[in-house]
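Chemist: Residues 1 to 212, numbered by UniProt numbering, are exactly what the sequence shown covers, in order. For glycine and all other residues, C-beta sits at the position ideal for the given N, C-alpha and C. Because the structure is a prediction, the values reported are computed rather than measured.
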Amino acid sequence: MSNALSMSNSGFPHSWIVSGQDFCPITYSSIQGHNSGVSSNLATVEPGLIELRKEKSRDAARSRRGKENYEFYELAKMLPLPAAITSQLDKASIIRLTISYLKLKEFSENGVPSWCKEPIGFQNYNAPQYFNEMFETHLGTHILQSLDGFAISTGVDGRFLYISETVSIYLGLSQVEMTGSSIFDYVHKNDHAEVEQQLGIKKGAEYASYGG
Numbered sequence: 001m002s003n004a005l006s007m008s009n010s011g012f013p014h015s016w017i018v019s020g021q022d023f024c025p026i027t028y029s030s031i032q033g034h035n036s037g038v039s040s041n042l043a044t045v046e047p048g049l050i051e052l053r054k055e056k057s058r059d060a061a062r063s064r065r066g067k068e069n070y071e072f073y074e075l076a077k078m079l080p081l082p083a084a085i086t087s088q089l090d091k092a093s094i095i096r097l098t099i100s101y102l103k104l105k106e107f108s109e110n111g112v113p114s115w116c117k118e119p120i121g122f123q124n125y126n127a128p129q130y131f132n133e134m135f136e137t138h139l140g141t142h143i144l145q146s147l148d149g150f151a152i153s154t155g156v157d158g159r160f161l162y163i164s165e166t167v168s169i170y171l172g173l174s175q176v177e178m179t180g181s182s183i184f185d186y187v188h189k190n191d192h193a194e195v196e197q198q199l200g201i202k203k204g205a206e207y208a209s210y211g212g
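1) Would a C-beta distance cut-off of 8 Å place Val167 and Gln175 closer than the cut-off?
2) Where does Phe107 fall in DSSP's three states?
3) Is Ala76 buried or exposed, if buried means 16 or more other CB atoms sit within 10 Å of its CB?
4) Could you pull the start and end residues of the alpha helix (DSSP H) that Tyr170 belongs to?
5) For Phe160 versus Ile169, is the C-beta spacing smaller than 8 Å?
6) Would you mind sorting Gly155 into buried or exposed? The rule is 16 or more other CB atoms within 10 Å of its CB.
7) For Phe150, which residues in the same chain have their Cβ closer than 7 Å to its Cβ, ignoring the five residues on either side in sequence?
8) Name the one or two DSSP bridge partners that Phe160 has.
9) For Asp157 and Gly66, what's the separation of their Cα atoms in angstroms?
10) List the endpoints of the continuous alpha helix (DSSP H) containing Ile85.
11) Would you say Arg64 reaches chain C, if we count a Cβ-Cβ gap shorter than 8 Å as a contact?
12) Note the first and the last residue of the continuous alpha helix (DSSP H) segment covering His192.
13) State the DSSP-derived secondary structure class of Ser182, mapped to helix, strand or coil.
14) Take Arg53 and list the residues in its own chain whose beta-carbon comes closer than 6 Å to its own, dropping the five residues that flank it on each side.
15) Straight-line CA distance for Gly200 to Ser57?
16) Tell me the rounded alpha-carbon separation between Lys189 and Ser182.
17) Where does Arg64 land, buried or exposed, given buried means 16+ other C-beta within 10 angstroms?
18) What is the DSSP secondary structure of Leu147, counted as helix, strand or coil?
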């Protein structure tokens with residue numbers, strides 16, 4: 001049969017049989033070796049791309065943190081506190097004190113009666129009335145000087161809007177630490193109802209501290 005296939009005629013001038021020396025079979029090992037070469041090339045490229053992406057992500061996160069820290073730094077400088085204190089505050093404390101300061105500022109501007117009294121003109125100057133009004137303006141300072149203890153001002157939710165510095169003498173806690181926190185954080189839970197009644201706080205208010 002092979003002789004028949006190898007016979008040549010005018011239509012088929014060449015033999016159908018391929019000689020063994022011209023035949024190069026493709027084996028599985030050669031294919032696998034080729035694929036492994038491609039994989040090794042990809043392996044050398046992909047780590048570089050991954051590291052580049054990681055570096056870009058780290059740079060973006062670092063930039064974002066820097067901008068955020070700068071904004072908190074500027075916000076802390078606006079608080080009515082010494083720089084030695086504001087420079088030591090964490091972000092949660094800055095937010096807590098800022099909220100308390102804004103609430104206290106709103107309260108002092110819209111107090112009942114209003115605390116923003118017009119100055120007495122020279123044409124209507126009256127010495128007794130003037131000194132009485134001056135005393136009322138600085139009443140809080142006089143109370144702290146004449147009485148032992150500390151003064152507090154709370155919001156409707158029981159959070160300290162203001163607390164005098166003398167609180168550290170009696171409670172061992174700083175003014176900055178307590179401002180903005182809830183009075184119920186320092187009162188036994190069995191006394192919450194009585195304190196709520198005395199302060200006129202709404203029932204069911206959330207007493208958890210800012211950030212707590």
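Modeler: Reading from the atomic positions:
1) Here residue 167 refers to the residue found at position 167 of the sequence shown. Here residue 175 refers to the residue found at position 175 of the sequence shown. In contact: Val167 and Gln175 (Cβ atoms closer than 8 Å).
2) Within the sequence shown, the letter at position 107 stands for residue 107. In this structure, Phe107 counts as helix in the three-state DSSP scheme.
3) Along the sequence shown, read from residue 1 onward, the residue named residue 76 stands at position 76. Classification for Ala76: buried.
4) Within the sequence shown, residue 170 is the residue found at index 170, counting from 1. Per DSSP, Tyr170 belongs to the alpha helix (DSSP H) from 167 to 171.
5) The residue you call residue 160 lines up with position 160 of the sequence shown. The residue you call residue 169 lines up with position 169 of the sequence shown. Going by C-beta atoms, Phe160 is not nearer than 8 Å to Ile169.
6) Residue numbering aside, residue 155 sits at position 155 when the sequence shown is read from its first letter. Under this definition Gly155 is a buried residue.
7) On the sequence shown, position 150 is the one that residue 150 refers to. The beta carbon of Phe150 sits closer than 7 Å to those of Ile163, Ser164, Thr166, Val167, Tyr170, all from its chain and outside the five residues before and after it, given in chain order.
8) Translated into positions along the sequence shown, residue 160 becomes position 160. Phe160 pairs with Thr154.
9) Position 157 of the sequence shown, counted from the first residue, corresponds to residue 157. Position 66 of the sequence shown, counted from the first residue, corresponds to residue 66. Answer to the nearest angstrom: the Cα atoms are 34 Å apart.
10) Counting from one through the sequence shown, the residue named residue 85 turns up at place 85. Its alpha helix (DSSP H) spans residues 83 to 86.
11) Note that chain C does not occur in the displayed structure, where there is just one protein chain.
12) Along the sequence shown, one-based indexing puts residue 192 at 192. 192 to 199 is the extent of the alpha helix (DSSP H) around His192.
13) Locating residue 182 in the sequence shown gives position 182, counting from the first residue. Note: Ser182 maps to strand in three-state DSSP.
14) For the purposes of this step, residue 53 is taken as residue 53 along the sequence shown, with counting starting at 1. Excluding residues within five positions, none has a Cβ falling inside 6 Å.
15) Taking the first residue of the sequence shown as 1, we reach residue 200 at position 200. Taking the first residue of the sequence shown as 1, we reach residue 57 at position 57. Looking at the two C-alpha atoms, the distance is approximately 51 Å.
16) On the sequence shown, residue 189 is found 189 positions in, with the first residue counted as 1. On the sequence shown, residue 182 is found 182 positions in, with the first residue counted as 1. The straight-line gap from Cα to Cα measures roughly 13 Å.
17) As a position in the sequence shown, residue 64 is number 64, starting the count at 1. Under this definition Arg64 is an exposed residue.
18) Locating residue 147 in the sequence shown gives position 147, counting from the first residue. Three-state result, Leu147: coil.
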